[in-house]
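Novice: Residue numbers (UniProt numbering): 1 to 153.
The beta carbon of each residue, even a glycine, is placed where N, CA and C say it ideally should be.
It should be emphasised that the depicted structure is a prediction, and the values quoted were computed from it without experimental measurement.
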Amino acid sequence: MTQPKPLPTVGWRELVHLPELGLHAMPAKIDTGARTSSLHGVVLDEFERDGQKMVRFAVDFEQQHVRQVCEAVHVDVRGITSSNGETQYRYVIKTPLKIGDIEFRAEISLANRADMKFPMLIGRSSLRRRFVVDSGYSWLQTPEMKVQKGHKP
Numbered sequence: 001m002t003q004p005k006p007l008p009t010v011g012w013r014e015l016v017h018l019p020e021l022g023l024h025a026m027p028a029k030i031d032t033g034a035r036t037s038s039l040h041g042v043v044l045d046e047f048e049r050d051g052q053k054m055v056r057f058a059v060d061f062e063q064q065h066v067r068q069v070c071e072a073v074h075v076d077v078r079g080i081t082s083s084n085g086e087t088q089y090r091y092v093i094k095t096p097l098k099i100g101d102i103e104f105r106a107e108i109s110l111a112n113r114a115d116m117k118f119p120m121l122i123g124r125s126s127l128r129r130r131f132v133v134d135s136g137y138s139w140l141q142t143p144e145m146k147v148q149k150g151h152k153p
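1) Counting pairs of beta carbons, one from the stretch 132-139 and one from the stretch 45-60, are three or more of them closer than 8 Å?
2) Please confirm whether D134 and T9 have their CB atoms less than 8 Å apart.
3) Please say whether K98 and residue 154 have beta carbons closer to each other than 8 Å?
4) Given P96, which residues of its chain have a CB within under 8 Å of its CB, disregarding the five upstream and five downstream residues?
5) Which of helix, strand or coil does DSSP assign to Q3?
6) Give the secondary structure of P143 by DSSP, where H, G and I count as helix, E and B as strand, and everything else as coil.
7) Which same chain residues, not among the five before or five after R130, have their C-beta less than 7 Å away from its C-beta?
8) Provide the residue(s) that pair with T81 in DSSP beta bridges, ordered along the chain.
9) Buried or exposed: where does K146 fall if 16 or more other Cβ atoms within 10 Å of its Cβ makes it buried?
10) Below 8 Å between beta carbons: does that hold for A28 and I122?
11) Taking the alpha-carbon positions, what's the G100 to Y89 distance?
12) Which stretch, first to last residue, makes up the beta strand (DSSP E) that contains R105?
Here's what the structure looks like:
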C-alpha cells in the first residue's frame, strides 16, 4: 500500500490570495473550529450573468481607506452559526483561493468582520485534504513574511 503524500503545513495565520476577486496578500486566520471560510464583505447587489447567479460586494480595508468592489458566483444563502452561537444568513460565493503554492475553488461566506482582527477566516472545509495546521507558528505558507513561532498577534 502506498503512503499518502505529506500535506503542506499552515500556521495559525497566513496571507492568502483570491485572484479572481483581485484580492492579494489578505491576512487570514486559520480556524479548524469553523466549517466555512469567511470574508469581510458587504453585499451591494445580486444579479445574473449568462444565466448564472452573481453577487457584487465590497471589501473594505479601513486602515488603508480602500474599498475593493468584487463580483463572484453566488452559490447559496446559508445559515452560518458564529462563534457566539448566533445563526446568521449569509451569502456564500465560490472562487479560487490560493494559500502558498496551492490554489483551489473554495466556498466562502460573506460576513461583517469589521470588528475582527482578520478580514478573512479559513475554515476546515478549505483545509481538508490540502493542509495540516501547526497552530504554534505563523506564516508557514507566506514566503514574503518571516516565520514566527508562538501565538502573539
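Specialist: According to the structure shown:
1) no
2) yes
3) One cannot answer for residue 154 here, as it falls past the ends of the chain, which runs 1 to 153.
4) L18, P19, E20, E103, F104, R105, A106
5) coil
6) coil
7) L7, I102, F104
8) T87
9) exposed
10) yes
11) 30 Å
12) 102-111
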